[in-house]
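Written out below as structure tokens is the structure these notes cover.
In the working numbering, the protein residues as written are 871 to 971.
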């Protein structure tokens with residue numbers, strides 16, 4: 871959250887069909903509840919919040935079960951996406967250097 875809004879652009883917009891943006895990233899279909907979309911009520915501390923398809927990230931049930939971890943899945947179809955993935959893979963691990971006297 872930054873200044874009271876989500877920095878990851880959530881909630882995403884409702885879209886009737888999956889499309890590709892001009893930068894090559896996919897805009898996944900997210901149906902409105904009136905058009906057959908899903909809603910769920912989530913209890914958070916003392917409040918109940920109703921969420922819909924705009925708040926759900928792409929995922930793959932097979933990968934979730936195989937790796938027993940939360941994994942987001944995205945379609946990759948441009949050179950820009952490949953460059954981002956390779957940069958992320960080759961950046962190395964996080965490291966900290968400190969000295970104690």
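Ideal Cβ positions, reconstructed from N, Cα and C, are used throughout, including at glycine.
Being a predicted model, the structure only gives us computed values, none of them experimental.
Option in the options with minimal Cα separation from residue i
{"i": "residue 952", "options": "886, 893 and 933", "result": "893"}
{"i": "residue 947", "options": "889, 878, 879 and 872", "result": "889"}
{"i": "residue 895", "options": "945, 938, 876 and 878", "result": "945"}
Whole-angstrom distance between residue j and residue i, CA atom to CA atom
{"i": "residue 884", "j": "residue 958", "result": "30 Å"}
{"i": "residue 926", "j": "residue 912", "result": "13 Å"}
{"i": "residue 891", "j": "residue 882", "result": "14 Å"}
{"i": "residue 900", "j": "residue 907", "result": "7 Å"}
{"i": "residue 969", "j": "residue 915", "result": "41 Å"}
Three-way DSSP call (helix, strand, coil) for residue i in this model
{"i": "residue 878", "result": "coil"}
{"i": "residue 872", "result": "strand"}
{"i": "residue 968", "result": "coil"}
{"i": "residue 884", "result": "coil"}
Beta-carbon separation (whole angstroms), residue i vs residue j, contact threshold 8 Å
{"i": "residue 930", "j": "residue 943", "result": "5 Å"}
{"i": "residue 928", "j": "residue 954", "result": "16 Å between Cβ atoms; not a contact."}
{"i": "residue 941", "j": "residue 933", "result": "5 Å"}
Next item on the list: Run through the stretch 898-961 for me and flag every whole beta strand (DSSP E) of 3 or more residues, listed as ranges in chain order.
Entry: 909-914 and 917-922
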